[in-house]
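Asks:
Number of protein chains: 2
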Amino acid sequence: MIYKKIAHQLRKEINSSKYAIGDQLPNEKELSSLFNASRMTVRKAINELINFQLISREWGRGTFIIAKDLNFGINQLKSFSEIMNDAHKGYINKVIEFSVTSNINAVVSNKLKLSEKDKVFYIRRIRYINNNPIMVEDSYMPYNLFKGLTVSDMENSKFNYIENICGIKIEGSYETSYAIIPDKEIRELLCLNIGRPILMSTTYSYDTNNQFINYAIIYRNSQEHIYEFHLKR
Amino acid sequence: MIYKKIAHQLRKEINSSKYAIGDQLPNEKELSSLFNASRMTVRKAINELINFQLISREWGRGTFIIAKDLNFGINQLKSFSEIMNDAHKGYINKVIEFSVTSNINAVVSNKLKLSEKDKVFYIRRIRYINNNPIMVEDSYMPYNLFKGLTVSDMENSKFNYIENICGIKIEGSYETSYAIIPDKEIRELLCLNIGRPILMSTTYSYDTNNQFINYAIIYRNSQEHIYEFHLKR
DNA sequence: GAGTGGTCTAGACCACATA
DNA sequence: ATGTGGTCTAGACCACTCT
Numbered sequence: 014m015i016y017k018k019i020a021h022q023l024r025k026e027i028n029s030s031k032y033a034i035g036d037q038l039p040n041e042k043e044l045s046s047l048f049n050a051s052r053m054t055v056r057k058a059i060n061e062l063i064n065f066q067l068i069s070r071e072w073g074r075g076t077f078i079i080a081k082d083l084n085f086g087i088n089q090l091k092s093f094s095e096i097m098n099d100a101h102k103g104y105i106n107k108v109i110e111f112s113v114t115s116n117i118n119a120v121v122s123n124k125l126k127l128s129e130k131d132k133v134f135y136i137r138r139i140r141y142i143n144n145n146p147i148m149v150e151d152s153y154m155p156y157n158l159f160k161g162l163t164v165s166d167m168e169n170s171k172f173n174y175i176e177n178i179c180g181i182k183i184e185g186s187y188e189t190s191y192a193i194i195p196d197k198e199i200r201e202l203l204c205l206n207i208g209r210p211i212l213m214s215t216t217y218s219y220d221t222n223n224q225f226i227n228y229a230i231i232y233r234n235s236q237e238h239i240y241e242f243h244l245k246r
Numbered sequence: 014m015i016y017k018k019i020a021h022q023l024r025k026e027i028n029s030s031k032y033a034i035g036d037q038l039p040n041e042k043e044l045s046s047l048f049n050a051s052r053m054t055v056r057k058a059i060n061e062l063i064n065f066q067l068i069s070r071e072w073g074r075g076t077f078i079i080a081k082d083l084n085f086g087i088n089q090l091k092s093f094s095e096i097m098n099d100a101h102k103g104y105i106n107k108v109i110e111f112s113v114t115s116n117i118n119a120v121v122s123n124k125l126k127l128s129e130k131d132k133v134f135y136i137r138r139i140r141y142i143n144n145n146p147i148m149v150e151d152s153y154m155p156y157n158l159f160k161g162l163t164v165s166d167m168e169n170s171k172f173n174y175i176e177n178i179c180g181i182k183i184e185g186s187y188e189t190s191y192a193i194i195p196d197k198e199i200r201e202l203l204c205l206n207i208g209r210p211i212l213m214s215t216t217y218s219y220d221t222n223n224q225f226i227n228y229a230i231i232y233r234n235s236q237e238h239i240y241e242f243h244l245k246r
């Protein structure tokens, strides 16, 4: 799978300081010779990154960076639970949905490039501090890798389960954030007023073989200043 | 665009009596020689039809038909308004949303293979007979082809506008139906009880150059037996 | 092992955007 | 006119499924 490797490498470069948002990538022919691959293969890699909305192609003009992943790199990679423990704060993870399905929604399956047959865990958790809901997290995890996953694993720490129970090493993850107006369901789960914008993040984690481990969409109640914890640790 | 033509031709064959749902298509190499094209091109055509959920690929096994279009062929092609006029029934089209956007939802833009930049009309209409809502229709139409489109055009007849005002000849359309449980919004628009399943249809229309003209999602209040009108005309 | 789809190459020509 | 992405070819080898 050369195109996966190229996509991964290209993603790293896009996230590096070498490029800024709006910058143009080298054209497809140049990328071919840079990566020592045919143009068709490079195009497949580019399609992957378009799928993640990091770049966009404009016919006759070029390929441009429209977004970067945030918090890229393994140094910053800490789970919510790890951060919470560091901060000596009590918190609760509540699982409100736990299912295995092969009918995940089209947007998500597109991003993960899963075929229709592939089974995936879908878990929705709400995380509380002092009984205040501070985030809703939808996790998608490949069934094949985590067959023994239980609700109580998810009520403790997902990353602990992946790394210490399954022995899968998380190599890194990509994270992106957007400001959105939440739909009714999320709004009610986070006890928000109508029309209030919140921060939505997506996280995509991979292991040392660039294998997909976990995709999560996190709706943060930004009143809780989640990012402060990042700074404190 | 050879692959578009192959996709179109293949779609017709899938819809023909030659194949049944579940049947296997000829393998990619055979299709290449049948259509006199390279395998890569045939694969692109196949991808189009997978995108429309008509066929699915299974690695190492083959490519199989999972659905057929309904009402395929130009003979049956009549618009709601045409049918209504034939039946001498009074009816009202009410436009409740009319917008031009390039941010159409991912599922739809995937199906239409539009790039992010392409502007598209999005129009939601409710259609009434004797003040009873009988269907909600979401129409997506390429902006470039229908720049002069107005709300009142849509409150009359969409097909009249396309054919008689724009002079675009509709060559044919593909239609598929599903039974679904409507979401709250549709349920309220159609004045339905909670949990009641309805019929959802999608229609994709193209002109003589196989160019995309119109994509519509129709939620039918099936209590009104819309299909009876088909039979009456 | 036979049959199938998945990936990949090393070119080619076409269509669009911009100056 | 130049540079860019869009499409296409005619092969090749690999990976999976089934018998």
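Chains as they are written, first to last, in this note's numbering: chain W, 14 to 246; chain Z, 14 to 246. Glycine included, C-beta positions come from ideal geometry on N, C-alpha and C.
Please classify V133 of chain Z as buried or exposed, where buried requires at least 16 neighbouring CB atoms within 10 angstroms.
Replies: By the neighbour-count rule (16 or more Cβ atoms within 10 Å), V133 of chain Z is buried.
Asks: Following the continuous beta strand (DSSP E) through T114 of chain Z, name the residue where it begins and the one where it ends.
Replies: It spans 105-114 - the beta strand (DSSP E) in which T114 of chain Z sits, taken as one unbroken run.
Asks: Measuring straight from C-alpha to C-alpha, what distance separates I226 of chain W and G180 of chain W?
Replies: So the two alpha carbons sit approximately 12 Å from each other.
Asks: State the start and end residues of the unbroken alpha helix (DSSP H) segment that holds A229 of chain Z.
Replies: Taken as a continuous stretch (DSSP letters only), A229 of chain Z belongs to no alpha helix (DSSP H), being part of the beta strand (DSSP E) at 225-233.
Asks: Keeping to the same chain, check which residues put their C-beta closer than 6 Å to that of I78 of chain Z; ignore five residues upstream and five downstream.
Replies: Answer for I78 of chain Z: I27, Y32, I34, D36, I68, listed in chain order.
Asks: Judging by CA-CA distance, which residue of Z:D196, Z:Y191, Z:N64 is the nearest neighbour of M213 of chain Z?
Replies: When each option's Cα is compared against that of M213 of chain Z, the closest is Z:Y191.
Asks: What are the start and end residues of each continuous alpha helix (DSSP H) run of 4 or more residues lying completely inside the stretch 141-221 of chain W, in chain order?
Replies: Here the runs fully enclosed are 164-168, 197-202.
Asks: Comparing C-alpha positions only, which one of W:I231, W:S29, W:Q22 sits nearest to R137 of chain W?
Replies: Closest by alpha carbon: W:I231.
Asks: Taking S69 of chain W as part of the beta strand (DSSP E), name the residues at either end of that continuous run.
Replies: Here the beta strand (DSSP E) through S69 of chain W covers 68-71.
Asks: What separation, rounded to the nearest whole angstrom, lies between the Cα atoms of K17 of chain W and N40 of chain W?
Replies: Straight-line Cα distance between these residues: approximately 18 Å.
Asks: Take T216 of chain Z as the anchor and find which of Z:R233, Z:G208, Z:E188, Z:N169 has the nearest alpha-carbon.
Replies: Of Z:R233, Z:G208, Z:E188, Z:N169, the residue nearest in Cα terms is Z:E188.
Asks: For the alpha helix (DSSP H) that contains N59 of chain W, what are its first and last residues?
Replies: The sequence shown places Ile at residue 59 of chain W, rather than the Asn named in the question. It spans 52-64 - the alpha helix (DSSP H) in which I59 of chain W sits, taken as one unbroken run.
Asks: Measuring straight from C-alpha to C-alpha, what distance separates I207 of chain Z and I211 of chain W?
Replies: Cα to Cα, I207 of chain Z sits roughly 30 Å from I211 of chain W.
Asks: Give the secondary structure of Y135 of chain Z by DSSP, where H, G and I count as helix, E and B as strand, and everything else as coil.
Replies: Here Y135 of chain Z sits in strand by DSSP.
Asks: Is L83 of chain W helix, strand or coil when you go by DSSP?
Replies: Looking at L83 of chain W - three-state DSSP - the assignment turns out to be strand.
Asks: Please report how far the alpha carbon of R52 of chain W lies from the alpha carbon of I15 of chain W, in whole angstroms.
Replies: R52 of chain W and I15 of chain W: Cα-Cα distance of roughly 12 Å.
Asks: Below 8 Å on the Cβ atoms is my contact criterion, and I expect A20 of chain Z with A50 of chain Z to pass it. Report the Cβ-Cβ distance as a whole number of Å.
Replies: So it is not a contact: roughly 11 Å between Cβ atoms.
Asks: Quick one: what does DSSP say I15 of chain W is sitting in, helix, strand or coil?
Replies: I15 of chain W: helix per DSSP, three-state reduction.
Asks: Inspect the beta-carbon positions of G75 of chain W and L38 of chain W and report whether they are closer than 9 Å.
Replies: Yes, they are a contact pair.
Asks: Kindly identify the DSSP beta-bridge partner or partners of I78 of chain W.
Replies: Paired residues: W:I68.
Asks: Rounded to whole angstroms, what is the Cα-Cα separation between Y228 of chain W and E43 of chain W?
Replies: Taking the straight line from one Cα to the other gives about 32 Å.
Asks: Find the nearest neighbour of E198 of chain W within the set W:D166, W:Y219, W:M148, judged by alpha-carbon distance.
Replies: Of the candidates W:D166, W:Y219, W:M148, the one whose C-alpha sits nearest the C-alpha of E198 of chain W is W:M148.
Asks: Does the Cβ of E61 of chain W have 16 or more other Cβ atoms within 10 Å, making it buried, or fewer, making it exposed?
Replies: Under this definition E61 of chain W is a buried residue.
Asks: Figure out for me which residue from W:R140, W:T114, W:I183, W:N145 has the closest Cα to the Cα of D131 of chain W.
Replies: Measuring from the Cα of D131 of chain W, the nearest candidate turns out to be W:T114.
Asks: Looking at Y153 of chain W and Y141 of chain W, is the spacing between their C-beta atoms short of 9 Å?
Replies: No, Cβ-Cβ distance for Y141 of chain W and Y153 of chain W is not below 9 Å.
Asks: Taking C-alpha atoms, which residue in Z:E150, Z:V121, Z:S30, Z:F111 lies nearest to L202 of chain Z?
Replies: Ranking the options by Cα distance to L202 of chain Z, first place goes to Z:E150.
Asks: At the level of alpha carbons, what is the spacing between Y156 of chain W and Y174 of chain Z?
Replies: Distance between the alpha carbons of Y156 of chain W and Y174 of chain Z is about 50 Å.
Asks: How many Å lie between Q66 of chain W and N143 of chain Z at the Cα?
Replies: Taking the straight line joining both Cα atoms gives about 46 Å.
Asks: What's the C-alpha gap between N106 of chain W and K160 of chain W?
Replies: About 21 Å.
Asks: Quick check: the Cα distance between R70 of chain Z and N64 of chain Z, rounded to an integer number of angstroms?
Replies: If I take the Cα positions, the gap works out to 11 Å.
Asks: Write down the C-beta distance between T221 of chain W and E184 of chain W rounded to the nearest angstrom, noting that I regard them as a contact closer than 8 Å.
Replies: Sure, about 5 Å apart at Cβ, within 8 Å.
Asks: Looking only at C-alpha atoms, which of Z:S170, Z:Q22, Z:R24 sits nearest to Y104 of chain Z?
Replies: Minimum Cα distance to Y104 of chain Z is reached at Z:S170.
Asks: Please name the residue or residues paired with Q37 of chain Z in a DSSP beta bridge.
Replies: According to DSSP, Q37 of chain Z bridges with Z:F77.
Asks: So, with DSSP's three-state summary, where would you put S45 of chain Z?
Replies: In the structure shown, S45 of chain Z sits in a helix (DSSP, three-state: H, G or I).
Asks: Excluding the five sequence neighbours on either side, which residues of its own chain have a C-beta within less than 6 Å of the C-beta of T54 of chain Z, listed in chain order?
Replies: I15, Y16, listed in sequence order.
Asks: Is it right to say D82 of chain Z is buried, meaning 16 or more other beta carbons lie within 10 angstroms of its own, or is it exposed?
Replies: D82 of chain Z should be labelled buried.
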